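Participant: Per the UniProt record's numbering, numbering of the sequence shown is gapless, rising by one per residue and ending at 127.
C-beta atoms are modelled at their ideal positions from N, C-alpha and C, and glycine is treated no differently.
Quick caveat, the model's predicted, so the values are computed rather than measured.
Structure in structure tokens, see below.
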Amino acid sequence: MEFLYFIAALLFAIIVYAIVMYLRTKKAVTTLTQDQFIEGYRKAQLIDVREPKDFAAGHILGARNIPQTQLRQRHKEIRSDKPVYIYDQNGARAGRVAIFLKKQGYDQVYQLQGGFKQWTGKIKSKK
């Protein structure tokens with residue numbers, strides 16, 4: 001019986017954590033559809049937060065690669081006075097990046113809904 005209480009408590013904790021992370025991400029970043037993203041990304045800083053091998057395989061034309069794993073050391077390369085458009089492969093990593101950037105004082109952070117996987121616009125790849 002104690003084991004069931006433990007499992008129930010663990011599931012409850014996971015659900016609460018997921019809700020808190022969702023709300024934090026929603027507060028830190030504005031999620032844009034591809035059309036909205038295309039409308040504004042040329043006037044913004046376009047950052048691909050995937051790893052370099054993924055970036056090299058294909059990325060949105062005009063994007064800079066600052067992987068999430070290097071963000072703590074490299075976030076000063078991103079200007080805080082201009083909008084920041086970020087994307088990753090499917091949207092999960094970009095939310096965590098947005099929370100970090102918000103804590104660093106970036107107020108205009110936008111992410112691509114569905115990530116690069118859903119992108120149908122222009123791309124560049126090293127072939």
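Chain D beta carbons: is any one of them nearer than 8 Å to that of E2?
Facilitator: Looking at the structure shown, chain D is missing, and only one protein chain is on hand.
Participant: Under 8 Å, do R64 and I38 count as touching if we go by C-beta distance?
Facilitator: No, these two residues do not count as a Cβ contact at 8 Å.
Participant: Determine, using beta carbons only, whether Y110 and L32 come nearer to each other than 8 Å.
Facilitator: Yes, the Cβ-Cβ distance between Y110 and L32 is below 8 Å.
Participant: Could you check what DSSP says for D35 in three-state terms: helix, strand or coil?
Facilitator: Of the three classes helix, strand and coil, the one that applies to D35 here is helix, per DSSP.
Participant: Secondary structure at D54, three-state DSSP: helix, strand or coil?
Facilitator: Three-state DSSP puts D54 in a helix.
Participant: From the DSSP secondary-structure annotation, give me the bridge partner or partners of N65.
Facilitator: Its beta-bridge partners are D48.
Participant: Could you check how far apart the C-beta atoms of Y85 and Y41 are, in whole angstroms? I think they sit under 8 Å.
Facilitator: At roughly 4 Å, the Cβ-Cβ gap stays under 8 Å, so Y85 and Y41 are in contact.
Participant: Looking at the unbroken alpha helix (DSSP H) that takes in H97, where does it start and where does it end?
Facilitator: Sequence check: residue 97 is Val here, not His. Here the alpha helix (DSSP H) through V97 covers A92 to K103.
Participant: Give me the Cα-Cα distance between A56 and S125, rounded to the nearest whole angstrom.
Facilitator: Looking at the two C-alpha atoms, the distance is approximately 6 Å.
Participant: Helix, strand or coil for A87? Go by DSSP, reduced to three states.
Facilitator: Checking the sequence shown, residue 87 turns out to be Tyr, not Ala. DSSP places Y87 in strand when its eight states are reduced to three.
Participant: Closest to G62 by C-alpha separation, out of A18, G115, V16 and A44, would be which residue?
Facilitator: Ranking A18, G115, V16 and A44 by Cα distance to G62 puts A44 first.
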